[in-house]
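Student: For the record, the sequence lines run as chains A, B, C, D, E, F and G.
According to the working numbering, the first sequence is numbered sequentially starting from 1.
According to the working numbering, the second sequence is numbered sequentially starting from 1.
According to the working numbering, the third sequence is numbered sequentially starting from 1.
According to the working numbering, the fourth sequence is numbered sequentially starting from 1.
According to the working numbering, the fifth sequence is numbered sequentially starting from 1.
According to the working numbering, the sixth sequence is numbered sequentially starting from 1.
According to the working numbering, the seventh sequence is numbered sequentially starting from 1.
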Amino acid sequence: MQKPLNVLNQAINKQVMVELKGNREYRGVLDGYDPHMNLVLKNAEELIKGEVVRKLVVTIVRGDNVIFISP
Amino acid sequence: MQKPLNVLNQAINKQVMVELKGNREYRGVLDGYDPHMNLVLKNAEELIKGEVVRKLVVTIVRGDNVIFISP
Amino acid sequence: MQKPLNVLNQAINKQVMVELKGNREYRGVLDGYDPHMNLVLKNAEELIKGEVVRKLVVTIVRGDNVIFISP
Amino acid sequence: MQKPLNVLNQAINKQVMVELKGNREYRGVLDGYDPHMNLVLKNAEELIKGEVVRKLVVTIVRGDNVIFISP
Amino acid sequence: MQKPLNVLNQAINKQVMVELKGNREYRGVLDGYDPHMNLVLKNAEELIKGEVVRKLVVTIVRGDNVIFISP
Amino acid sequence: MQKPLNVLNQAINKQVMVELKGNREYRGVLDGYDPHMNLVLKNAEELIKGEVVRKLVVTIVRGDNVIFISP
Amino acid sequence: MQKPLNVLNQAINKQVMVELKGNREYRGVLDGYDPHMNLVLKNAEELIKGEVVRKLVVTIVRGDNVIFISP
Numbered sequence: 001m002q003k004p005l006n007v008l009n010q011a012i013n014k015q016v017m018v019e020l021k022g023n024r025e026y027r028g029v030l031d032g033y034d035p036h037m038n039l040v041l042k043n044a045e046e047l048i049k050g051e052v053v054r055k056l057v058v059t060i061v062r063g064d065n066v067i068f069i070s071p
Numbered sequence: 001m002q003k004p005l006n007v008l009n010q011a012i013n014k015q016v017m018v019e020l021k022g023n024r025e026y027r028g029v030l031d032g033y034d035p036h037m038n039l040v041l042k043n044a045e046e047l048i049k050g051e052v053v054r055k056l057v058v059t060i061v062r063g064d065n066v067i068f069i070s071p
Numbered sequence: 001m002q003k004p005l006n007v008l009n010q011a012i013n014k015q016v017m018v019e020l021k022g023n024r025e026y027r028g029v030l031d032g033y034d035p036h037m038n039l040v041l042k043n044a045e046e047l048i049k050g051e052v053v054r055k056l057v058v059t060i061v062r063g064d065n066v067i068f069i070s071p
Numbered sequence: 001m002q003k004p005l006n007v008l009n010q011a012i013n014k015q016v017m018v019e020l021k022g023n024r025e026y027r028g029v030l031d032g033y034d035p036h037m038n039l040v041l042k043n044a045e046e047l048i049k050g051e052v053v054r055k056l057v058v059t060i061v062r063g064d065n066v067i068f069i070s071p
Numbered sequence: 001m002q003k004p005l006n007v008l009n010q011a012i013n014k015q016v017m018v019e020l021k022g023n024r025e026y027r028g029v030l031d032g033y034d035p036h037m038n039l040v041l042k043n044a045e046e047l048i049k050g051e052v053v054r055k056l057v058v059t060i061v062r063g064d065n066v067i068f069i070s071p
Numbered sequence: 001m002q003k004p005l006n007v008l009n010q011a012i013n014k015q016v017m018v019e020l021k022g023n024r025e026y027r028g029v030l031d032g033y034d035p036h037m038n039l040v041l042k043n044a045e046e047l048i049k050g051e052v053v054r055k056l057v058v059t060i061v062r063g064d065n066v067i068f069i070s071p
Numbered sequence: 001m002q003k004p005l006n007v008l009n010q011a012i013n014k015q016v017m018v019e020l021k022g023n024r025e026y027r028g029v030l031d032g033y034d035p036h037m038n039l040v041l042k043n044a045e046e047l048i049k050g051e052v053v054r055k056l057v058v059t060i061v062r063g064d065n066v067i068f069i070s071p
């Protein structure tokens with residue numbers, strides 16, 4: 001058994017896929033998180049309906065909108 | 001009588017079906033959870049309207065969006 | 001006068017009807033609950049617009065989505 | 001001046017009308033409540049757009065969805 | 001400077017207009033409130049899109065849905 | 001660096017623009033606030049899609065619906 | 001590993017892009033924040049669907065609506 005936040009912790013410095021409400025997806029390197037699942041991503045791509053729409057060197061994603069995070 | 005989190009605990013290492021808001025469904029092996037019903041799934045499939053759209057080796061599902069979890 | 005959670009407690013092991021947001025309805029035997037109104041149902045049927053769409057041996061329904069519970 | 005929960009307390013054993021989000025209305029005898037405005041109604045009728053769609057001997061209505069309660 | 005709840009307190013026994021989400025409006029005499037902005041209104045009128053649709057001798061309005069309150 | 005509530009405090013007695021969810025906008029003199037960003041406005045105008053639809057001598061705006069406040 | 005609020009702190013006095021729910025975007029200099037991710041922006045531009053619709057000398061953005069913040 002693994003706690004969700006532990007799995008998140010093991011994903012630090014790894015590539016993750018983050019699905020948000022509203023068909024938004026972010027792919028980038030996980031640089032940090034907090035207990036609300038707010039995330040810091042580095043070298044992230046924002047995808048809307050599967051298309052890369054933006055590149056972001058650093059981005060803070062608010063945990064509120066997260067559906068799932070996949071290391 | 002069984003508390004919801006106890007039932008979740010008994011489902012650890014078992015196949016579960018997780019229904020989320022927005023017609024999303026995940027099927028996979030429950031690897032962990034926390035009191036907010038955030039979940040860790042292994043070898044998960046994401047289904048939208050009954051169709052497998054993605055396979056995820058490990059995924060952290062935010063409890064916020066859960067409608068039901070069925071072991 | 002009866003507190004809502006007491007009425008829920010008296011419904012343990014009885015057939016209940018649970019109406020959720022989004023026109024979902026569950027009917028089954030109440031096996032457990034917690035103060036957030038998360039529920040455990042046994043031998044549950046999921047109905048969408050009055051039609052049985054799924055049968056679930058055990059299911060944990062998140063309290064967040066509950067509109068009403070009727071023993 | 002009267003606190004909302006006091007007014008609710010005085011309505012115990014009286015007929016109340018409860019308006020919920022999503023055009024749902026319940027009319028029945030108030031049998032209980034808690035500080036979240038979760039309610040217990042007896043001999044309740046569920047109305048959708050003014051039409052009685054269901055009768056419920058006992059029902060627990062989650063406070064979350066309440067718009068107003070009128071004794 | 002006046003705190004919002006103080007302004008509400010000064011409106012006790014006065015006519016107020018309460019705008020809720022979903023184009024609902026209530027006008028009545030403020031008889032009480034609590035820190036969640038749950039309100040008790042007396043001799044209230046419910047208006048939908050500016051039309052009086054209901055009269056309510058006493059009503060408890062849940063603070064959650066309030067957009068603004070105007071004494 | 002300035003905390004959001006400090007900036008709000010400096011705007012007391014000044015004209016502010018408040019944008020709410022649902023395309024509502026209020027312009028008026030900030031007379032008070034609390035930590036939930038509930039606001040008291042004096043001599044406020046309510047605008048929907050840029051048109052003044054109502055004038056309000058005093059109004060309590062619930063912080064929940066605020067998108068931004070601009071002194 | 002960096003906590004989300006630390007990354008926000010390092011962005012003080014720098015240009016940031018803030019994406020909100022409802023296709024709203026703000027670009028401006030970050031002047032402050034609090035643990036709810038309420039933000040103070042200076043010399044901000046509001047963009048709707050990529051078009052600048054408003055300029056705001058100072059604005060307090062409520063954290064509730066934030067999707068991401070990118071320094």
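A virtual CB, placed ideally from N, CA and C, is assigned to each residue, including glycine.
These figures come from a predicted structure and were not determined experimentally.
(1) Tell me, please, whether the CB atom of residue 75(B) is closer than 9 Å to any CB atom in chain C?
(2) Using the beta-carbon count (16 or more within 10 Å), is residue 4(F) buried or exposed?
(3) What three-state label does DSSP hand residue 10(E) in the structure shown?
(4) Give me the DSSP bridge partner(s) of residue 15(E).
(5) On the criterion of 16 or more Cβ atoms from any shown chain inside 10 Å, does residue 65(E) qualify as buried, or is it exposed?
(6) Consider the Cβ of residue 50(G): report whether some Cβ of chain F lies at a distance smaller than 9 Å.
(7) Quick one: which chain F residues come within Cβ less than 7 Å of residue 65(G)?
(8) Measuring alpha carbon to alpha carbon, tell me which residue in 9(E), 37(E), 6(E) and 14(E) is nearest residue 68(D).
(9) Checking 9 Å against the spacing of the C-beta atoms, do residue 97(B) and residue 28(B) come in under that value?
(10) Could you check if residue 54(A) belongs to the surroundings of the ligand FMN, using beta carbon to heavy atom distance under 8 Å?
(11) Could you tell me whether the Cβ of residue 7(E) comes closer than 9 Å to any Cβ of chain F?
(12) Is there at least one Cβ from chain A nearer than 9 Å to residue 62(B)'s Cβ?
(13) Cα-Cα, which of 41(C), 30(C), 22(C) and 21(C) is closest to residue 7(C)?
(14) Under three-state DSSP, which class holds residue 65(D)?
(15) Using the beta-carbon of each residue, which ones in chain A are nearer than 8 Å to residue 20(B)?
(16) For the beta strand (DSSP E) containing residue 49(F), name the first residue and the last one.
(17) Using 10 angstroms around the beta-carbon of residue 22(B), count the other beta-carbons present and answer buried if the total reaches 16, otherwise exposed.
(18) Does the CB of residue 2(G) have a neighbour CB from chain I at under 9 Å?
(19) By a C-beta neighbour count over all protein chains shown, 10 Å radius and 16 as the cutoff for buried, is residue 53(B) buried or exposed?
(20) In terms of alpha-carbon separation, which member of 71(A), 25(A), 9(A) and 1(A) lies closest to residue 59(A)?
(21) Can a CB atom of chain G be found closer than 9 Å to the CB of residue 43(A)?
(22) On a CA-only basis, which of 11(C), 62(C), 40(C) and 19(C) is nearest residue 47(C)? Give me that one, please.
(23) What distance in whole Å lies between the Cβ atoms of residue 2(C) and residue 40(D), which are believed to be in contact at a cut-off of 8 Å?
(24) Taking the alpha-carbon positions, what's the residue 34(B) to residue 57(E) distance?
(25) Can you name the residues that DSSP bridges to residue 42(F)?
(26) Measuring straight from C-alpha to C-alpha, what distance separates residue 62(D) and residue 63(E)?
(27) So residue 58(C) contacts chain B; which residues on that side make the cut at Cβ distance below 8 Å?
(28) Excluding the 5 residues preceding and the 5 following residue 11(G) in the sequence, name in chain order all residues of the same chain whose CB lies nearer than 7 Å to its CB.
(29) Tell me which residues share the same chain as residue 32(C) and place their Cβ nearer than 6 Å to its Cβ, disregarding the 5 neighbours each side in the sequence.
Tutor: The structure says:
(1) Any answer about residue 75(B) is impossible in this case: the structure gives chain B only from 1 up to 71.
(2) Mapped onto the sixth sequence, residue 4(F) falls at position 4. By the 10 Å Cβ count, residue 4(F) comes out buried.
(3) Along the fifth sequence, one-based indexing puts residue 10(E) at 10. Three-state result, residue 10(E): helix.
(4) The residue given as residue 15(E) occupies position 15 in the fifth sequence. DSSP, once it has assigned bridges, lists 29(E) as partnering residue 15(E).
(5) Residue 65(E) sits at position 65 when you count from the first residue of the fifth sequence. Per the 10 Å Cβ criterion, buried.
(6) Position 50 of the seventh sequence, counted from the start, is the residue given in the question as residue 50(G). Judged by the 9 Å Cβ criterion, residue 50(G) is not in contact with chain F.
(7) Within the seventh sequence, numbered from 1, the residue matching residue 65(G) stands at position 65. Here the neighbours are 67.
(8) For the purposes of this step, residue 68(D) is taken as the residue at position 68 of the fourth sequence. The shortest C-alpha separation from residue 68(D) is found at 37(E).
(9) Outside the displayed span of chain B (1 to 71) sits residue 97(B), for which this structure offers no information.
(10) The ligand content of the structure shown is nil, which means the ligand FMN is not present either.
(11) Along the fifth sequence, read from residue 1 onward, the residue named residue 7(E) stands at position 7. Output row for residue 7(E): interface = yes.
(12) Stepping through the second sequence from its first residue, residue 62(B) is reached at position 62. Closer than 9 Å to some Cβ of chain A, the Cβ of residue 62(B) qualifies, so yes.
(13) One-based indexing of the third sequence puts residue 7(C) at position 7. For the residues 41(C), 30(C), 22(C) and 21(C), the minimum Cα distance to residue 7(C) belongs to 30(C).
(14) Here residue 65(D) refers to the residue found at position 65 of the fourth sequence. Correct three-state label for residue 65(D): helix.
(15) Translated into the one-based positions of the second sequence, residue 20(B) becomes position 20. Those within 8 Å of residue 20(B) in chain A are 67.
(16) Indexing the sixth sequence from 1 puts residue 49(F) at position 49. That residue, residue 49(F), is in no beta strand (DSSP E); it is neither H nor E in DSSP.
(17) The sequence position of residue 22(B) within the second sequence is 22, counting from 1. Its Cβ having fewer than 16 others within 10 Å, residue 22(B) is exposed.
(18) Structure shown: chain I not included; protein chains present are A, B, C, D, E, F and G.
(19) One-based indexing of the second sequence puts residue 53(B) at position 53. Burial call: exposed.
(20) As a first step, residue 59(A) is located in the first sequence; it is residue number 59 there, counting from the start. Residue 25(A) is the option with its Cα nearest to residue 59(A).
(21) Within the first sequence, numbered from 1, the residue matching residue 43(A) stands at position 43. Cβ-Cβ to chain G under 9 Å: no for residue 43(A).
(22) Taking the third sequence and counting its residues from 1, the one referred to as residue 47(C) is at position 47. Ranking 11(C), 62(C), 40(C) and 19(C) by Cα distance to residue 47(C) puts 19(C) first.
(23) In the fourth sequence, the residue the question calls residue 40(D) occupies position 40. In the third sequence, the residue the question calls residue 2(C) occupies position 2. Correct: roughly 5 Å between the Cβ atoms.
(24) Stepping through the second sequence from its first residue, residue 34(B) is reached at position 34. Stepping through the fifth sequence from its first residue, residue 57(E) is reached at position 57. Looking at the two C-alpha atoms, the distance is approximately 46 Å.
(25) Numbered from 1 along the sixth sequence, position 42 holds the residue referred to as residue 42(F). Bridge partners of residue 42(F): 29(F) and 58(F).
(26) In the fourth sequence, residue 62(D) corresponds to position 62, counting from 1. In the fifth sequence, residue 63(E) corresponds to position 63, counting from 1. Cα-Cα distance, rounded: 15 Å.
(27) Against the third sequence, residue 58(C) aligns to sequence position 58. Near residue 58(C) (Cβ distances below 8 Å), the residues of chain B are 7, 70 and 71.
(28) Within the seventh sequence, residue 11(G) is the residue found at index 11, counting from 1. For residue 11(G), where only same-chain residues beyond five positions count, the Cβ hits under 7 Å are 30 and 71.
(29) Counting from 1 along the third sequence, the entry for residue 32(C) is found at position 32. Excluding positions up to five away in sequence, the list reads 40.
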